[in-house]
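In this note's numbering, the protein residues as written are 52 to 175.
Here it is as structure tokens:
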């Protein structure tokens, strides 16, 4: 799961073995502890929606707002650039350990210059 902080101009992300609503809710809860008010721009992944997510948002309606990119419109979903850059960082490389691949992804996502169009889109 990745999120972008307009305040710090960096991505906030968690690499998880699997993604589901429970994992995403833990991620949201952690974000709310770090930043008391959030506006998140999300893709339409199944774990970003559903009854659990709606209930969580309702319980935090004064501090949390989720906005979804249009479905089936990758050209309007700027997060797609994030996935392209992330895949390029680990594609066609041999990692002896999964931890090394994760490290490479973390380093890539921490670099503002790695995704200039993303930052220009969010902070023109």
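C-beta atoms are modelled at their ideal positions from N, C-alpha and C, and glycine is treated no differently.
In chain order, what residues of the same chain lie with their CB nearer than 6 Å to the CB of residue i, ignoring the 5 residues before and after it?
| i | result |
| --- | --- |
| residue 66 | 153 |
Look up residue i in the DSSP assignment and say whether it is helix, strand or coil.
| i | result |
| --- | --- |
| residue 64 | strand |
| residue 154 | helix |
| residue 103 | helix |
| residue 115 | strand |
| residue 126 | coil |
If I measure Cβ to Cβ from residue i and keep anything under 7 Å in the same chain, skipping five residues before and after, which residues do I get?
| i | result |
| --- | --- |
| residue 140 | 155, 156, 159 |
| residue 125 | 131 |
Along the beta strand (DSSP E) that carries residue i, what are the first and last residues, could you check?
| i | result |
| --- | --- |
| residue 92 | 89-93 |
By how many angstroms is the C-alpha of residue j removed from the C-alpha of residue i?
| i | j | result |
| --- | --- | --- |
| residue 103 | residue 146 | 36 Å |
| residue 71 | residue 80 | 14 Å |
| residue 148 | residue 142 | 15 Å |
Going by alpha carbons, who is nearest to residue i out of the options?
| i | options | result |
| --- | --- | --- |
| residue 114 | 91, 70, 72 | 91 |
Which residues mark the beginning and the end of the alpha helix (DSSP H) in which residue i is found?
| i | result |
| --- | --- |
| residue 82 | 72-85 |
So, at 8 Å on beta carbons, what are the nonlocal neighbours of residue i in its own chain, with the 5 sequence-adjacent residues on each side left out?
| i | result |
| --- | --- |
| residue 99 | 75, 93, 117, 119 |
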